[in-house]
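Novice: I have a structure here, written as structure tokens, and I will follow up with some questions on it.
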């Protein structure tokens, strides 16, 4: 039996005994400290459009299909069933499967009753020509209807035909989201990346993106959209990014 | 306006918003806050824990005085499926909210 079919049968068998919704996102480039309710299962579909102009112009649309499961009150696990993308640039265009991944998040403190809400995040991605390890510190504080979140992320990437290309990245992201009504939130996200090709800082690559977000939730689904523009002028990085996450409780 | 003034204004706004995070710890007074109605201490503690963990998965916590005591059970009930709340957990959240309201008035 094919592995994909096994996954489909396993998920299908789980659905009847699971109930409800993992929770709604207020941000798309940041994670929030709270984890999903135990026993909840959610399907999230991510679509990110990246657009660059100039000599290195390209259009790329990234897709992610994620299943998120609340294991305990403070621990959640996710599977990225498939990360794939469509890319078009002056030389070629086409779709490519990128990787499959697992993601684990453990919550330590609560963003409402504790001075700050903290969680740690670990992710392992593996694909045909890619292995990536990512760890993240997630912090959040709720001030009434205002949510402030900060993520610090460290990534190690091995890619290429024999995984010979190495790259490190440290990124930090800051977000604010104000709840206009229980269903609607709007805010801002800032993303600051430091890229270290071959784990060296000689290239001095820094990217800074900033832009608004909006989130709508109703019954067992939500949709959150963020538009980011690059405030730096890094060649090969997108000048504009638009990310949409649509989540539905199963 | 200089940077210090802006920081002071921002800090003031955050402090005022923080006061909206009103989820007081459970006290023994809350168990008998209303004549003829008794709340179990353990239930109230569980209700507070669930309230601050489960409800923020979708939205920020509402001010407890925004809705009437008659409305709260229906409001929590309408979202209990989304929050994966079992009937006893749903009752615990409602008990905590009502106990806080009765204790404050």
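Protein chains in written order, with the working numbering: chain A, -18 to 231; chain B, 836 to 940.
Beta carbons are placed, not taken as given, at the ideal position from N, Cα and C, and that holds for glycine.
Taking only three categories from DSSP, how would you classify residue 838 of chain B?
Specialist: Position 3 of the second chain, counted from the start, is the residue given in the question as residue 838 of chain B. In this structure, residue 838 of chain B counts as helix in the three-state DSSP scheme.
Novice: Would you check if there are 3 or more beta carbon pairs closer than 8 Å linking the stretch 909 to 919 of chain B to the stretch 857 to 872 of chain B?
Specialist: As far as the Cβ criterion goes, the stretch 909 to 919 of chain B does not touch the stretch 857 to 872 of chain B, which means the pair count is below three.
Novice: List the DSSP bridge partners of residue 157 of chain A.
Specialist: Along the first chain, one-based indexing puts residue 157 of chain A at 176. DSSP output for residue 157 of chain A lists A:129 and A:169 as bridge partner(s).
Novice: Put residue 191 of chain A into one of helix, strand or coil per three-state DSSP.
Specialist: Here residue 191 of chain A refers to the residue found at position 210 of the first chain. Looking at residue 191 of chain A - three-state DSSP - the assignment turns out to be strand.
Novice: Specify the secondary structure class of residue 912 of chain B as computed by DSSP and reduced to three states.
Specialist: In the second chain, residue 912 of chain B corresponds to position 77, counting from 1. Correct three-state label for residue 912 of chain B: helix.
Novice: Anything in chain B within Cβ reach of residue 123 of chain A, meaning under 8 Å, just list it in chain order.
Specialist: If you number the first chain from 1, residue 123 of chain A lands on position 142. Near residue 123 of chain A (Cβ distances below 8 Å), the residues of chain B are 856, 891, 895 and 896.
Novice: Cα separation between residue 108 of chain A and residue 934 of chain B?
Specialist: In the first chain, the residue the question calls residue 108 of chain A occupies position 127. In the second chain, the residue the question calls residue 934 of chain B occupies position 99. Taking the straight line from one Cα to the other gives about 53 Å.
Novice: Would you be able to state if there are at least three C-beta pairs under 8 Å between the stretch 132 to 151 of chain A and the stretch 876 to 886 of chain B?
Specialist: These segments do not touch.
Novice: With a CB to CB cut of under 6 Å and the five nearest residues on each side skipped, what residues in its chain are close to residue 233 of chain A?
Specialist: Here chain A has residues from -18 to 231 only, and residue 233 of chain A is not among them.
Novice: Out of A:87, A:38, A:43 and A:95, which one is the CA nearest neighbour of residue 76 of chain A?
Specialist: Counting from one through the first chain, the residue named residue 76 of chain A turns up at place 95. Of A:87, A:38, A:43 and A:95, the residue nearest in Cα terms is A:43.
Novice: In angstroms, rounded to a whole number, what distance separates the CA positions of residue 48 of chain A and residue 843 of chain B?
Specialist: Locating residue 48 of chain A in the first chain gives position 67, counting from the first residue. Locating residue 843 of chain B in the second chain gives position 8, counting from the first residue. One C-alpha to the other measures close to 43 Å.
Novice: Assuming the contact rule is C-beta atoms closer than 8 Å, residue 155 of chain A and residue 131 of chain A should be a hit. Round their C-beta distance to whole Å, please.
Specialist: The count along the first chain starts at 1 and reaches residue 155 of chain A at position 174. The count along the first chain starts at 1 and reaches residue 131 of chain A at position 150. Yes, residue 155 of chain A and residue 131 of chain A are in contact; Cβ-Cβ is about 5 Å, under 8 Å.
Novice: Enumerate in chain order the residues of its own chain whose CB-to-CB distance from residue 27 of chain A is below 6 Å, with the five nearest sequence positions on each side excluded.
Specialist: Within the first chain, residue 27 of chain A is the residue found at index 46, counting from 1. Cβ neighbours of residue 27 of chain A beyond the five flanking positions: 45 and 226.
Novice: For residue 928 of chain B, report the span of its beta strand (DSSP E) as first-last.
Specialist: Taking the second chain and counting its residues from 1, one reaches residue 928 of chain B at position 93. Where residue 928 of chain B is concerned, there is no enclosing beta strand (DSSP E), although the alpha helix (DSSP H) it sits in stretches over 922 to 939.
Novice: Is residue 927 of chain B close to chain A? Criterion is C-beta to C-beta, closer than 8 Å.
Specialist: On the second chain, residue 927 of chain B is found 92 positions in, with the first residue counted as 1. With 8 Å as the cut-off, residue 927 of chain B does not count as an interface residue toward chain A.
Novice: Below 8 Å on the Cβ atoms is my guess for residue 929 of chain B versus residue 93 of chain A; work out the distance and round it to an integer in Å.
Specialist: On the second chain, position 94 is the one that residue 929 of chain B refers to. On the first chain, position 112 is the one that residue 93 of chain A refers to. 18 Å between Cβ atoms; not a contact.
Novice: Roughly how many angstroms lie between the CA atoms of residue 67 of chain A and residue 73 of chain A, to the nearest whole one?
Specialist: For this step, residue 67 of chain A is matched to residue 86 along the first chain. For this step, residue 73 of chain A is matched to residue 92 along the first chain. For residue 67 of chain A and residue 73 of chain A, the distance between alpha carbons rounds to 11 Å.
Novice: Counting only beta-carbon atoms, is residue 188 of chain A nearer than 8 Å to chain B?
Specialist: Walking along the first chain from the start, residue 188 of chain A turns up at place 207. No, because no Cβ of chain B sits closer than 8 Å to the Cβ of residue 188 of chain A.
Novice: Across which residues does DSSP place residue 139 of chain A in a beta bridge pair?
Specialist: On the first chain, residue 139 of chain A is found 158 positions in, with the first residue counted as 1. BP columns for residue 139 of chain A point to A:112 and A:147.
Novice: To which residues does DSSP link residue 63 of chain A through a beta bridge?
Specialist: For the purposes of this step, residue 63 of chain A is taken as the residue at position 82 of the first chain. Answer is A:46.
Novice: Flag this pair as yes or no: are the beta carbons of residue 86 of chain A and residue 100 of chain A separated by less than 8 Å?
Specialist: Position 105 of the first chain holds residue 86 of chain A. Position 119 of the first chain holds residue 100 of chain A. Result yes, Cβ atoms of residue 86 of chain A and residue 100 of chain A sit closer than 8 Å.
Novice: For residue 96 of chain A, go through chain B and note every residue whose CB falls closer than 9 Å to its CB, in chain order.
Specialist: One-based indexing of the first chain puts residue 96 of chain A at position 115. Residues of chain B passing the Cβ test: none, with the nearest at roughly 10 Å.
Novice: Can residue 122 of chain A and residue 98 of chain A be called in contact, C-beta distance under 8 Å?
Specialist: Counted from its first residue, the first chain places residue 122 of chain A at position 141. Counted from its first residue, the first chain places residue 98 of chain A at position 117. Contact flag set, yes.
Novice: Any C-beta of chain B sitting closer than 8 Å to the C-beta of residue 212 of chain A?
Specialist: To locate residue 212 of chain A, count along the first chain from 1; it is residue 231. Not one chain B Cβ lies under 8 Å of residue 212 of chain A.
Novice: Taking buried to mean at least 16 other C-beta atoms within 10 Å of its own C-beta, is residue 80 of chain A buried or exposed?
Specialist: Locating residue 80 of chain A in the first chain gives position 99, counting from the first residue. So residue 80 of chain A ends up on the buried side.
Novice: Have a look at the DSSP bridge pairing and note the partners of residue 80 of chain A.
Specialist: By one-based count along the first chain, residue 80 of chain A stands at place 99. Its beta-bridge partners are A:64.
Novice: Helix, strand or coil for residue 175 of chain A per DSSP?
Specialist: As a first step, residue 175 of chain A must be located in the first chain, where it is residue number 194. Three-state result, residue 175 of chain A: strand.
Novice: From which residue to which residue does the beta strand (DSSP E) around residue 224 of chain A run?
Specialist: In the first chain, counting from the first residue as 1, residue 224 of chain A sits at position 243. 221 to 230 is the span of the beta strand (DSSP E), which, as asked, contains residue 224 of chain A.
Novice: In chain order, what residues of the stretch 153 to 185 of chain A put their CB closer than 7 Å to some CB of chain B?
Specialist: Residues 160 and 163.
Novice: Kindly indicate the opening and closing residues of the alpha helix (DSSP H) around residue 877 of chain B.
Specialist: Here residue 877 of chain B corresponds to residue number 42 of the second chain, with the count starting at 1. From DSSP, the alpha helix (DSSP H) with residue 877 of chain B extends over 876 to 889.
Novice: With 8 Å set as the bound, which would you pick, yes or no: does the beta-carbon of residue 936 of chain B sit closer than that to a beta-carbon of chain A?
Specialist: The residue given as residue 936 of chain B occupies position 101 in the second chain. No, because no Cβ of chain A sits closer than 8 Å to the Cβ of residue 936 of chain B.
Novice: So which of B:837, B:838 and B:914 has the shortest CA-CA distance to residue 889 of chain B?
Specialist: Position 54 of the second chain, counted from the first residue, corresponds to residue 889 of chain B. When only C-alpha atoms are compared, the closest one is B:914.
Novice: Just curious, the alpha helix (DSSP H) that residue 866 of chain B is in, first and last residue?
Specialist: Counting from one through the second chain, the residue named residue 866 of chain B turns up at place 31. Residues 863 to 866.
Novice: Once DSSP output is grouped into helix, strand and coil, what is the label at residue 94 of chain A?
Specialist: Counted from its first residue, the first chain places residue 94 of chain A at position 113. Residue 94 of chain A falls in the coil class under three-state DSSP.
Novice: Below 8 Å between beta carbons: does that hold for residue 210 of chain A and residue 220 of chain A?
Specialist: Here residue 210 of chain A refers to the residue found at position 229 of the first chain. Here residue 220 of chain A refers to the residue found at position 239 of the first chain. In contact: residue 210 of chain A and residue 220 of chain A (Cβ atoms closer than 8 Å).
Novice: Between residue 228 of chain A and chain B, is any beta-carbon pair separated by less than 8 Å?
Specialist: Here residue 228 of chain A is taken as the residue at index 247 of the first chain, counted from 1. No, because no Cβ of chain B sits closer than 8 Å to the Cβ of residue 228 of chain A.
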